[in-house]
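Remember, this note's numbering sits 558 above the position in the sequence shown when you count from 1.
C-beta atoms are modelled at their ideal positions from N, C-alpha and C, and glycine is treated no differently.
This report concerns only the one structure given below.
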Amino acid sequence: MLSGEGPWHLPGPWRLMLLGDGSPTRHLHLLTGQKVQVQLIAMETDPNPYKDSPHEVKELTPPLLRRQVWLQCNTQTLAWAESWWNREEAEKHLAKRHQPIWKSLTEGRSELFREVDGLALVTGEWLDKKFKQKGPFWSRHYRFFRRERELTVIREVFNPKLEHWLGSAPRHAYKTNY
Numbered sequence: 559m560l561s562g563e564g565p566w567h568l569p570g571p572w573r574l575m576l577l578g579d580g581s582p583t584r585h586l587h588l589l590t591g592q593k594v595q596v597q598l599i600a601m602e603t604d605p606n607p608y609k610d611s612p613h614e615v616k617e618l619t620p621p622l623l624r625r626q627v628w629l630q631c632n633t634q635t636l637a638w639a640e641s642w643w644n645r646e647e648a649e650k651h652l653a654k655r656h657q658p659i660w661k662s663l664t665e666g667r668s669e670l671f672r673e674v675d676g677l678a679l680v681t682g683e684w685l686d687k688k689f690k691q692k693g694p695f696w697s698r699h700y701r702f703f704r705r706e707r708e709l710t711v712i713r714e715v716f717n718p719k720l721e722h723w724l725g726s727a728p729r730h731a732y733k734t735n736y
């Protein structure tokens, strides 16, 4: 993904949203003009962190915590996200659990590097229910690095309602079930 090669069938705004190195919560705020609320679903030790997770999770040092959230503007759910962290790093960086990750990681103005590792179209009945429409849904996963070391792996799934701001996006490629 770093090469910029990839989903050229996606309109430019969607490519920026999915492949850009900016914060999705910040992008959602800029798109909607509204504050993005982070609804914490869970943040706990993941007993089986390598099951159904991006293979980059194996680069993190166990024990691992898994954090899951919904990103919402008013009553509209615009995205779901999960992240895997070394427990010690999570305790250091995620003290404010309802705060967006980018805000937690940049409070000290520390240098971060984001690398998008993959895109997919995903399906799941639980996503259909929360997004109030049938999938598939665009998803991406990426890593944050600090001082040349993996800090976290994050996976996000975006509600097609974002087409209101980003324009339509085709949803007819490779699909994965969540």
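To the nearest angstrom, report how far apart residue i and residue j are at their CA atoms.
| i | j | result |
| --- | --- | --- |
| residue 577 | residue 605 | 30 angstroms |
| residue 615 | residue 725 | 32 angstroms |
| residue 612 | residue 694 | 18 angstroms |
| residue 729 | residue 686 | 14 angstroms |
| residue 560 | residue 701 | The pLDDT assigned to residue 560 is 41, lower than 50, so where the model puts this residue is not dependable; a value taken from the coordinates is nonetheless given after this. Answer to the nearest angstrom: the Cα atoms are 12 angstroms apart. |
| residue 540 | residue 698 | Nothing can be reported for residue 540: it is not among the residues displayed for the chain, which extend from 559 to 736. |
| residue 567 | residue 679 | 13 angstroms |
| residue 594 | residue 630 | 6 angstroms |
| residue 703 | residue 710 | 7 angstroms |
| residue 644 | residue 675 | 19 angstroms |
| residue 624 | residue 722 | 31 angstroms |
| residue 607 | residue 677 | 20 angstroms |
| residue 573 | residue 632 | 25 angstroms |
| residue 715 | residue 696 | 6 angstroms |
| residue 720 | residue 588 | 12 angstroms |
| residue 671 | residue 575 | 16 angstroms |
Which of helix, strand or coil does DSSP assign to residue i?
| i | result |
| --- | --- |
| residue 727 | coil |
| residue 705 | coil |
| residue 635 | strand |
| residue 693 | coil |
| residue 676 | strand |
| residue 576 | helix |
| residue 568 | coil |
| residue 627 | strand |
Over what stretch of residues does the beta strand (DSSP E) that includes residue i continue unbroken?
| i | result |
| --- | --- |
| residue 617 | Neither: residue 617 is in no beta strand (DSSP E) and is coded neither H nor E. |
| residue 720 | Element bounds for residue 720: n/a, residue is neither H nor E. |
Measuring alpha carbon to alpha carbon, tell me which of the options ends up nearest residue i.
| i | options | result |
| --- | --- | --- |
| residue 580 | 673, 635, 594, 650 | 673 |
| residue 603 | 683, 574, 640, 713 | 640 |
| residue 586 | 628, 727, 708 | 628 |
| residue 647 | 622, 671, 575 | 622 |
| residue 598 | 719, 637, 718 | 637 |
| residue 600 | 727, 681, 626, 718 | 626 |
| residue 718 | 708, 688, 712 | 688 |
| residue 706 | 589, 650, 618 | 618 |
| residue 634 | 620, 610, 596 | 596 |
| residue 713 | 610, 571, 684, 569 | 610 |
| residue 708 | 584, 620, 582 | 620 |
Strictly by DSSP, which residues pair up with residue i?
| i | result |
| --- | --- |
| residue 671 | 703 |
| residue 712 | 641, 700 |
| residue 600 | 626 |
Return the first residue and the last residue of the alpha helix (DSSP H) that residue i is part of.
| i | result |
| --- | --- |
| residue 588 | 582-590 |
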